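Residue numbers for the sequence shown follow full-length UniProt numbering, beginning at 1 and rising by one.
Ideal Cβ placement from N, Cα and C applies to all residues, glycine included.
Bear in mind that the values here come from a model prediction, so they are computed numbers and not experimental data.
A short worksheet on the structure shown next.
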Amino acid sequence: MGSASSEELDRNAYDYNTHLALIKIMRDESDFALPVARRNMSEIFPLTEEMWLDWLKDEIYKPGGSDREKIYELFERAVKDYICPQIWLEYAQYSMGDIGTEGGIARVRAILERAIIEVGLHVTKGAAIWETYREFENAILATMQVSPGNAALELVQVTVSQRKIHSVYRRQLGIPLIDMEATFMEYQSWTDEPIPYAVRQSYARALKQLQKYKPYEDALLVAEAPKLAEYEAYIDFEMKIGDPARIQLIFERALKENCLEPDLWTRYTQYLDRQLRVRSLVLPAHERAVRNCPWTVKMWCHYLMALERHRVEHQVISETFENSLRPGFPQAADYVEIWQAYLDYHRRRVDFTQDSSKELEELRSTFAQALNYLKQDVEERFNESGDPSCTIMQAWARIEARFCNNMQKARELWDLIMVKGNAKYANMWLEYYNLERAHGDTLHCRKALYRAVQCTHDYPEHVCDMLLTLEKNEGTLEDWDAAVERTETRLARVKEQRAKAAAKEAALAKQEEEKANQRKQAQAQKKALQKAQHPKAGNKRKADGDGEWVEEGIEELEQNIDLEVELGFFGKKDAPKVLHDSKKEGFTVFVSNLPYLMGKPEKQLRRLFAKCGEVAEVRPIFTNKGSFRGYAYVEFKDEKAALQAFELDRTLVGGRLMFVSPYVDKSKNPDSKVFKYSTNLELHKLFISGLPFSCTKEELEELCKGHGNVKDVRLVTNRAGKPKGLAYVEFENETQASQALLTMDGLTVQGHVINVVISNPPSRKFPEKPESQSQDPSSQKKLGFWLLPGGRHKPRTQLSMVPRALQRQSNPENKAENGTLQNPPAKPSPSGERPKMMTNADFAKLLLAGLSP
1 MGSASSEELD RNAYDYNTHL ALIKIMRDES DFALPVARRN MSEIFPLTEE MWLDWLKDEI
61 YKPGGSDREK IYELFERAVK DYICPQIWLE YAQYSMGDIG TEGGIARVRA ILERAIIEVG
121 LHVTKGAAIW ETYREFENAI LATMQVSPGN AALELVQVTV SQRKIHSVYR RQLGIPLIDM
181 EATFMEYQSW TDEPIPYAVR QSYARALKQL QKYKPYEDAL LVAEAPKLAE YEAYIDFEMK
241 IGDPARIQLI FERALKENCL EPDLWTRYTQ YLDRQLRVRS LVLPAHERAV RNCPWTVKMW
301 CHYLMALERH RVEHQVISET FENSLRPGFP QAADYVEIWQ AYLDYHRRRV DFTQDSSKEL
361 EELRSTFAQA LNYLKQDVEE RFNESGDPSC TIMQAWARIE ARFCNNMQKA RELWDLIMVK
421 GNAKYANMWL EYYNLERAHG DTLHCRKALY RAVQCTHDYP EHVCDMLLTL EKNEGTLEDW
481 DAAVERTETR LARVKEQRAK AAAKEAALAK QEEEKANQRK QAQAQKKALQ KAQHPKAGNK
541 RKADGDGEWV EEGIEELEQN IDLEVELGFF GKKDAPKVLH DSKKEGFTVF VSNLPYLMGK
601 PEKQLRRLFA KCGEVAEVRP IFTNKGSFRG YAYVEFKDEK AALQAFELDR TLVGGRLMFV
661 SPYVDKSKNP DSKVFKYSTN LELHKLFISG LPFSCTKEEL EELCKGHGNV KDVRLVTNRA
721 GKPKGLAYVE FENETQASQA LLTMDGLTVQ GHVINVVISN PPSRKFPEKP ESQSQDPSSQ
781 KKLGFWLLPG GRHKPRTQLS MVPRALQRQS NPENKAENGT LQNPPAKPSP SGERPKMMTN
841 ADFAKLLLAG LSP
């Protein structure tokens, strides 16, 4: 397994999940190459707080000991990835082991001072750093003893140490931190001197300021990860106050939990670029941004500009650009954008007042490299041109014409641009024409417009007008006559072509209309035939969006039974008349989808439900001929047993899935339907289709277990309990689900290629309420993301929230989203209102009224 992971990393060093898997395997097996694997990953990706703490712990407690200086270097790397109070505490604690060495105390103090600068303002965790600092200084003070022979010098050292402790207390009391009241009381107990008035004032201001921060900290405390909205509100608050140190800290806290949010990184780096402009702060932030989100081209562009802005060496900028191409961008156009940013940097290096220079030759060479890269690498990878409009070539031509006075080279480039399929667009010809007007001559302007008139397909009238305007203002009479003849000929041909295209389009539209009418007639005939053959056929259950069976069949079934019960038609011929008893609703359940050939259903059902509690009565439903109709009522002695009976829902009985539903009067409670599974977007759950029918729940769970903690696996079956090749897998959180999606989508399982998407079942629709059938548009949006938290791969650009296996194409007006055919909308009344649709219970009431004397 470890060797397989190593081979995968050899093919793609930017596979985040493979790095994680390899490190886990090596750590479990105590592989000696574990430090190398960790180092390789840390050079490409930032490591989380947990990963750094594991690495540091393994190095510190390694058998035989480790070089302390190397561990110090490791700590230095760890504190640069994210702002992590726990790592700073571990760093300070580790450095205290060198107190007895020369310079050991100074080193500890330096580390603690840096820790206070980095995380000392952290409202909830900063106090731990200050407390560590005070304990360290108190420990140093406790070791000092005043000897008679050297009393004066040692007394001075004691005084200096005490002043340091005073300083730490007073600095801390001026910062709004949780439980700062306890720190104030501790300071009062520690010092023999009265606390200065200035310190008390500073403490009072900090305490007042703390009350403003508490609502934001409380919101973070109760919010679920990654808390992006809460952090953004906190950032807005800090931005209004304007304290740079606190703004940096809240950005760092937000990024620690939202490291894969490009917009958050962009906002942070833009703040540093525009407000602080400190090289030591700006460049590391940009470097961390592209390491966290290497697929975001704009962040690489901003990084290159930041390097140039702070006058970093040319070699470093070139290496950074080369690094930007390695991870891979999700779109071909992204490569054009990053090359354009790099070319802009090269252009700004050139002194165009000189006829020739090294920088100018490098610029031309870079243009050639860009075109070659886009042609060979990008087109091969995406099977499309990354630069269909030839923006790189256009930029090169402008530079040659405008700065180098080399129109010959510019015209050669524009010839290549037109050859690449751009000659049919008027805007491309006008771009070239404007370049000739600014830096060329009238002869080449005329040639460009004549070629444009001949080749343009989209807006030929526009280029014809341009040619006529040129000849009117600058040409001779002969030039004008030639232009008029050419443009009239061209426009006549265009008119003829458009007429033919319009006629063809009209013919196609007529054919489509005829086909649509034929399909409607065929569907109407088919429905009429089915209705004639099966006049009493009930609605079959349809697969709903969550892979289970919609309960609409049960609803109509119960309404039919309610009608039969009220009229005394159901049951055996000698069955007494039974009415719905609302007092028994909590004690009774409705059982359906049972085998029609079930022998002695009352006895079997009583035995089946006995495990739930004491059964008072079982009422199976029979036809007038005495045949079992496949459903029954089971009444219990207490409500607890009835609730326990719902656990038997979807139990396999005689080769069919038994459904257990609440016992309610549908005519009085039309909205009483309760669905077993969620119909909302579930980011922690995946919908898998294309599975082999032989795949078991255990096999699928084992397959998914490697991507996170699997809470539940549910295979979708039909009425007879047979698998449909569909499943829902619920993970512990959204991060694990997204990682599993990225890895498993397109995986081959027993010769079947499976499809994996986020679970987003469609909302239920009910025929009784047609006005409620409109779905919230927000639930139909697609997730346009490149990565989700926890994953670093490049998935599909967009994922449909409706499982592919359940998508159907039909008339949206007569079809619910789960594919169940709904009643067509009733015709509106003259007042504009639609008549209310009658239920079976309404018909029952009408019939009873007609039978009454």
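- The alpha carbon of residue 162 has as its nearest neighbour, out of 136, 24 and 349, the alpha carbon of 136.
- Taken through DSSP and simplified to helix, strand or coil, residue 377 comes out as helix.
- Between residue 478 and residue 323, the alpha-carbon positions lie close to 59 angstroms from each other.
- Proximity to residue 352 across 319, 309, 63 and 406 peaks at 406, based on C-alpha coordinates.
- Residue 77: member of the alpha helix (DSSP H) spanning 68-81, first to last residue.
- Taking 4 residues as the minimum length, the alpha helix (DSSP H) runs contained wholly in the region 621-702 are 639-645, in order along the chain.
- Fully contained in the region 171-258 are the following alpha helix (DSSP H) runs of length 4 or more, in chain order: 180-190, 197-222, 228-241 and 244-257.
- For residue 385 and residue 80, the gap between their C-alpha atoms comes out near 39 angstroms.
- Spatial neighbours of residue 756 in its own chain (CB-CB distance under 7 angstroms, excluding positions within 5 residues in sequence) are listed in chain order as 686, 688, 741, 744 and 745.
- Taking the CA atoms as reference points, residue 113 sits about 32 angstroms from residue 313.
- Around the CB of residue 269, 16 or more other CB atoms lie within 10 Å, so the residue is classed as buried.
- The beta-carbon distance between residue 430 and residue 461, rounded to whole angstroms, is 13 angstroms. This is too long to meet the 8 angstroms contact definition.
- Spanning the alpha carbons of residue 14 and residue 277 requires a straight line of approximately 31 angstroms.
- Secondary structure at residue 321: helix, using DSSP grouped into helix, strand and coil.
- Under the DSSP assignment, residue 727 falls in the beta strand (DSSP E) whose first and last residues are 723-731.
- Counting C-beta atoms within 10 angstroms of its own C-beta, residue 248 has 16 or more neighbours from the protein chains shown and is therefore classed as buried.
- Around the C-beta of residue 694, fewer than 16 other C-beta atoms lie within 10 Å, and the residue is accordingly described as exposed.
- According to the DSSP assignment, residue 711 belongs to the beta strand (DSSP E) that extends over 710-717.
- In this structure, the CA atom of residue 369 is about 37 angstroms from the CA atom of residue 78.
- Around the beta carbon of residue 328, fewer than 16 other beta carbons sit within 10 angstroms, so the residue counts as exposed.
- For residue 40, the uninterrupted alpha helix (DSSP H) run begins and ends at 34-44, by DSSP.
- Using a C-beta cut-off of 8 angstroms, the region 102-117 makes no contact with the region 62-70, since fewer than three inter-stretch Cβ pairs fall below that distance.
- A Cβ-Cβ contact shorter than 8 angstroms links residue 422 with residue 390.
- If you draw a straight line from the Cα of residue 517 to the Cα of residue 530, it is about 20 angstroms long.
- Assigned with DSSP and collapsed to three states, residue 313 falls in coil, not helix or strand.
- For residue 759, no alpha helix (DSSP H) run applies; the uninterrupted beta strand (DSSP E) run containing it begins and ends at 755-759, by DSSP.
- Annotation: residue 587 is outside any alpha helix (DSSP H) and is labelled neither H nor E by DSSP.
- Note on residue 739: 16 or more other CB atoms within 10 angstroms of its CB, so buried under the neighbour-count rule.
- Looking from the CA of residue 210, the closest CA among 177, 592 and 735 belongs to 177.
- For the region 451-483, the continuous alpha helix (DSSP H) assignments of 4+ residues that do not extend past its boundaries occur at 460-474, in sequence order.
- Taking 8 angstroms as the cut-off, the Cβ atoms of residue 393 and residue 416 count as close.
- The Cβ atoms of residue 613 and residue 638 sit closer than 8 angstroms to each other.
- Between the C-alpha atoms of residue 698 and residue 681 there is a straight-line separation of about 25 angstroms.
- The beta carbons of residue 709 and residue 732 sit about 4 angstroms from each other, so the pair counts as a contact at 8 angstroms.
- With respect to the C-alpha of residue 202, the residue from 191, 6, 217 and 181 having the closest C-alpha is 181.
- In the three-state scheme derived from DSSP, where H, G and I count as helix and E and B as strand, residue 496 is classed as helix.
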